[in-house]
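Engineer: Structure provided below as structure tokens; questions to follow.
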Amino acid sequence: MSNPLEDRFERARAVADAVLFEGYVLYPYRASAAKNQLRWQFGVLVPPAWTATTGEHSVQRTECLLEPRKGDRLHAELRFLHVRRRTVERLDADGGYTEVPELDLPDRVLVPWDEGHEERVLIHEPLDGLTGDQAPVHAVRFDLPDAVEYEPVTDDEGRTLGRLVRRRKRLTGELRPRVEELPGPYRVLRLTVSVHNTTAVPEEAGADRETALAHSLIGTHLLFGVPGGRFLSLTDPPEWARPAAASCRNDRTWPVLAGPPGADDVMLSSPIILEDHPAVAEESPGPLYDATEIDEILSLRTAALTDREKREARGTDTRAADVIDLVDAMPGAVRERLHGAIRGLREVTGDDTPGEPPAAPDTGLSLPQGPGHPWWDPAQDTDVAEVPDAVVVDGETVRAGSRVKLTPGARRSDAQDSFLHGRHATVEAVVGDLDGETHLAVVVDDDPGTDVRRAQGRFLYFKPDEVAPLKEREEEAT
Numbered sequence: 003m004s005n006p007l008e009d010r011f012e013r014a015r016a017v018a019d020a021v022l023f024e025g026y027v028l029y030p031y032r033a034s035a036a037k038n039q040l041r042w043q044f045g046v047l048v049p050p051a052w053t054a055t056t057g058e059h060s061v062q063r064t065e066c067l068l069e070p071r072k073g074d075r076l077h078a079e080l081r082f083l084h085v086r087r088r089t090v091e092r093l094d095a096d097g098g099y100t101e102v103p104e105l106d107l108p109d110r111v112l113v114p115w116d117e118g119h120e121e122r123v124l125i126h127e128p129l130d131g132l133t134g135d136q137a138p139v140h141a142v143r144f145d146l147p148d149a150v151e152y153e154p155v156t157d158d159e160g161r162t163l164g165r166l167v168r169r170r171k172r173l174t175g176e177l178r179p180r181v182e183e184l185p186g187p188y189r190v191l192r193l194t195v196s197v198h199n200t201t202a203v204p205e206e207a208g209a210d211r212e213t214a215l216a217h218s219l220i221g222t223h224l225l226f227g228v229p230g231g232r233f234l235s236l237t238d239p240p241e242w243a244r245p246a247a248a249s250c251r252n253d254r255t256w257p258v259l260a261g262p263p264g265a266d267d268v269m270l271s272s273p274i275i276l277e278d279h280p281a282v283a284e285e286s287p288g289p290l291y292d293a294t295e296i297d298e299i300l301s302l303r304t305a306a307l308t309d310r311e312k313r314e315a316r317g318t319d320t321r322a323a324d325v326i327d328l329v330d331a332m333p334g335a336v337r338e339r340l341h342g343a344i345r346g347l348r349e350v351t352g353d354d355t356p357g358e359p360p361a362a363p364d365t366g367l368s369l370p371q372g373p374g375h376p377w378w379d380p381a382q383d384t385d386v387a388e389v390p391d392a393v394v395v396d397g398e399t400v401r402a403g404s405r406v407k408l409t410p411g412a413r414r415s416d417a418q419d420s421f422l423h424g425r426h427a428t429v430e431a432v433v434g435d436l437d438g439e440t441h442l443a444v445v446v447d448d449d450p451g452t453d454v455r456r457a458q459g460r461f462l463y464f465k466p467d468e469v470a471p472l473k474e475r476e477e478e479a480t
């Protein structure tokens with residue numbers, strides 16, 4: 003019988019896997035590549051003794067809001083990677099083994115590499131047991147001891163040529179869940195779960211990041227589920243819950259609603275910023291493990307690797323080998339789908355076929371078709387509202403050439419916009435979109451790429467209420 007919560011968790015895990023393995027092995031997927039020398043960038047929790055020397059943290063904290071309704075039990079899943087340091091040994095004539103920098107085989111080149119082994123820690127607790135002063139006694143502890151594993155390397159005829167040696171360092175940690183009922187007319191709980199790396203490090207151990215990573219949680223994230231309950235979005239909460247949502251404190255993590263749109267009984271707390279109900283693109287043929295991956299470009303570049311490069315990639319990691327095999331066996335039709343999709347047009351065209359380009363809507367216009375011509379041209383669409391060449395902001399006229407200070411709104415802005423708050427900029431144009439909204443195209447002062455942005459027309463866009471006109475005295479101050 004199908005378990006609805008497990009089905010939702012499985013869907014969320016597909017997204018969580020992309021987080022867990024974000025940047026796991028970068029193109030060209032070889033251990034020798036310069037970009038694969040510095041790894042493990044997301045969700046790293048090091049032992050407490052090494053936070054100062056590594057610049058990483060030992061604790062991750064998630065807070066979110068929950069309406070329990072008919073739900074009375076929390077199901078939580080901590081997932082992370084544990085480093086296994088792999089070395090390569092050759093079989094000697096006397097039956098012994100010697101560590102070597104590589105073992106060259108017909109189908110792969112085996113080299114030393116740090117593998118990431120997935121670990122899970124589960125919680126199944128009644129919500130009532132996590133409420134009150136006694137909640138800390140429910141801390142869930144885990145202990146992964148030192149371990150060494152050996153894997154023989156054989157040829158096509160089964161003869162042993164060497165072996166892979168994987169060493170794992172001890173890693174201990176805790177999950178500390180806690181529930182607090184908030185005051186107000188609605189029954190709302192604040193769920194807090196902190197993840198702690200509690201590993202005690204020997205005094206003689208080094209203090210560098212490379213040593214610390216062997217005792218660290220990597221790609222750390224959490225899945226929460228409360229069957230019969232309802233989690234509230236922290237990015238777009240109900241109006242009555244906004245003050246409570248704003249008070250939630252999340253350290254080094256970002257909780258969002260998981261599962262399909264409309265589902266609210268599962269939440270994913272990720273070290274990478276996501277939107278509510280994230281999903282893996284249906285056009286994606288499989289994971290490529292490259293940070294900020296662009297499937298089409300990566301697939302084409304990977305297909306162009308030499309045979310020697312592919313053999314080294316296959317010997318670097320089994321996941322890298324999977325990427326090489328995936329690209330080599332990819333049908334042309336699948337590769338064509340990677341070129342892109344405009345999902346917002348499906349409501350207009352009624353076309354729900356993944357990867358198929360939408361048909362041109364009947365606009366009554368005689369537009370040129372074929373390569374190099376869009377199916378819609380705003381200059382010929384008489385229904386498009388005329389965009390003014392200037393707007394009034396705080397009583398001041400703002401147009402191309404006006405100087406403004408950027409004040410992006412917290413709700414409408416993405417994470418990158420928050421870094422531009424308070425910066426001065428020049429308006430390049432007043433533009434409109436198909437929804438009738440007006441925007442200001444700007445370039446930021448002191449941006450070294452301003453000339454390129456202007457030449458290519460690649461501006462930053464803000465709504466008029468997200469800027470403030472600069473006064474003369476502010477101009478002089480700059």
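Taking the numbering used here, the leading residue of the sequence shown gets 3, the next gets one more, and so forth. For glycine and all other residues, C-beta sits at the position ideal for the given N, C-alpha and C. These figures come from a predicted structure and were not determined experimentally.
Determine the direct distance from the alpha carbon of residue 403 to that of residue 286, and round the result to whole angstroms.
Structural biologist: One C-alpha to the other measures close to 42 Å.
Engineer: Using the Cα positions of residue 186 and residue 265, report the straight-line distance between them to the nearest angstrom.
Structural biologist: Answer to the nearest angstrom: the Cα atoms are 25 Å apart.
Engineer: For the alpha helix (DSSP H) containing residue 56, name the first residue and the last one.
Structural biologist: Per DSSP, residue 56 belongs to the alpha helix (DSSP H) from 53–56.
Engineer: Roughly how many whole angstroms lie between the Cα atoms of residue 226 and residue 328?
Structural biologist: When rounded, the distance between both Cα atoms is 32 Å.
Engineer: Leaving out five residues before and five after residue 444 in sequence, what residues of the same chain have Cβ atoms less than 8 Å from its Cβ?
Structural biologist: Same-chain partners within the cutoff: 406, 408, 427, 428, 429, 430, 461, 462, 463, 464 and 469.
Engineer: Using a 10 Å radius around the Cβ and a threshold of 16 neighbouring Cβ atoms, would you call residue 371 buried or exposed?
Structural biologist: In this predicted model, residue 371 has a pLDDT of only 45, less than 50, meaning its place in the structure is not dependable enough to derive any value.
Engineer: Can you tell me which of 289, 60 and 393 puts its alpha carbon nearest to the alpha carbon of residue 26?
Structural biologist: Selected option, being the one with the closest Cα: 289.
Engineer: Ends of the alpha helix (DSSP H) at residue 13?
Structural biologist: Where residue 13 is concerned, the enclosing alpha helix (DSSP H) stretches over 6–22.
Engineer: What span of residues does the beta strand (DSSP E) with residue 462 cover, start to end?
Structural biologist: Residues 462–464.
Engineer: Just mark residue 297 as buried or exposed, buried being the case when its beta carbon has 16 or more other beta carbons within 10 Å.
Structural biologist: The residue is buried, with at least 16 neighbouring Cβ atoms inside 10 Å.
Engineer: Taking the alpha-carbon positions, what's the residue 419 to residue 449 distance?
Structural biologist: Looking at the two C-alpha atoms, the distance is approximately 14 Å.
Engineer: Alpha carbon to alpha carbon, what distance is there between residue 29 and residue 291?
Structural biologist: When rounded, the distance between both Cα atoms is 9 Å.
Engineer: Looking at the secondary structure, which residues open and close the beta strand (DSSP E) in which residue 125 lies?
Structural biologist: 115–128 is the extent of the beta strand (DSSP E) around residue 125.
Engineer: Is it a yes or a no for the stretch 82–98 touching the stretch 149–167, going by three-plus beta-carbon pairs under 8 Å?
Structural biologist: Contact between the stretch 82–98 and the stretch 149–167 is present, because at least three Cβ pairs lie under 8 Å.
Engineer: I'd like the list of long-range same chain contacts for residue 60, defined as Cβ closer than 7 Å, with 5 residues on each side in sequence excluded.
Structural biologist: The answer, listed in chain order, is 47, 48, 49, 50, 53, 198 and 199.
Engineer: When DSSP labels each residue in this structure, what does residue 327 get in the three-state scheme?
Structural biologist: Helix.
Engineer: Is the distance from the Cβ of residue 280 to the Cβ of residue 7 below 7 Å?
Structural biologist: No, the Cβ-Cβ distance between residue 280 and residue 7 is not below 7 Å.
Engineer: Identify whether residue 258 lies in helix, strand or coil by the three-state DSSP scheme.
Structural biologist: Of the three classes helix, strand and coil, the one that applies to residue 258 here is strand, per DSSP.
Engineer: Would you call the CB atoms of residue 254 and residue 62 closer than 7 Å?
Structural biologist: Closer than 7 Å, so yes.
Engineer: Are the beta-carbon atoms of residue 260 and residue 269 separated by less than 7 Å?
Structural biologist: Yes, the Cβ-Cβ distance between residue 260 and residue 269 is below 7 Å.
Engineer: May I have a chain-ordered list of the alpha helix (DSSP H) segments no shorter than 4 residues that lie completely inside the stretch 406–472?
Structural biologist: Segments of the alpha helix (DSSP H) lying fully in the stretch 406–472: 452–458.
Engineer: Excluding sequence positions up to five away, which residues of its chain have a Cβ less than 6 Å from the Cβ of residue 216?
Structural biologist: Within the same chain, residue 216 has close Cβ partners 85 and 171.
Engineer: Measure the C-alpha to C-alpha separation of residue 169 and residue 150 and round it to an integer number of angstroms.
Structural biologist: Near 5 Å, if we compare the C-alpha coordinates of residue 150 and residue 169.
Engineer: Which whole-angstrom value is the C-beta distance of residue 323 and residue 315, which I expect to be below 8 Å?
Structural biologist: Yes, residue 323 and residue 315 are in contact; Cβ-Cβ is about 7 Å, under 8 Å.
Engineer: What are the boundary residues of the alpha helix (DSSP H) that includes residue 297?
Structural biologist: Residue 297 -> alpha helix (DSSP H) spans 297–305.
Engineer: Under DSSP, the beta strand (DSSP E) around residue 164 begins and ends at which residues?
Structural biologist: Unbroken beta strand (DSSP E) run through residue 164: 162–170.
Engineer: Output needed for residue 137: all residues of its chain with C-beta closer than 6 Å, excluding positions within five of it in sequence on either side, in chain order.
Structural biologist: Caution is warranted here: a pLDDT of 49 is assigned to residue 137, below 50, making its placement in the model unreliable, and no coordinate value can be reported.
Engineer: With a 10 Å radius around its C-beta and 16 neighbouring C-beta atoms as the bar for buried, classify residue 194 as buried or exposed.
Structural biologist: The residue in question, residue 194, is buried, as its Cβ has 16 or more Cβ neighbours within 10 Å.
Engineer: What is the rounded straight-line gap between the Cα of residue 108 and the Cα of residue 39?
Structural biologist: Between residue 108 and residue 39, the C-alpha separation is close to 25 Å.
Engineer: Start and end of the alpha helix (DSSP H) containing residue 317?
Structural biologist: Unbroken alpha helix (DSSP H) run through residue 317: 309–318.
Engineer: Considering just the uninterrupted stretch of the beta strand (DSSP E) at residue 159, what are its terminal residues?
Structural biologist: Taken as a continuous stretch (DSSP letters only), residue 159 belongs to no beta strand (DSSP E), as it is neither H nor E.
Engineer: Which one or two residues does DSSP pair with residue 66 in a beta bridge?
Structural biologist: Its beta-bridge partners are 193.
Engineer: By DSSP's criteria, residue 84 is part of a beta bridge. Which residues make up the other side?
Structural biologist: Beta-bridge pairing links residue 84 to 119.
Engineer: Measure the alpha-carbon distance for residue 459 versus residue 397 and round it to whole angstroms.
Structural biologist: Taking the straight line from one Cα to the other gives about 28 Å.
Engineer: Provide the residue span of the beta strand (DSSP E) that contains residue 180, from first to last.
Structural biologist: Where residue 180 is concerned, the enclosing beta strand (DSSP E) stretches over 173–184.
Engineer: Please report how far the alpha carbon of residue 390 lies from the alpha carbon of residue 439, in whole angstroms.
Structural biologist: C-alpha separation (whole angstroms): 11 Å.
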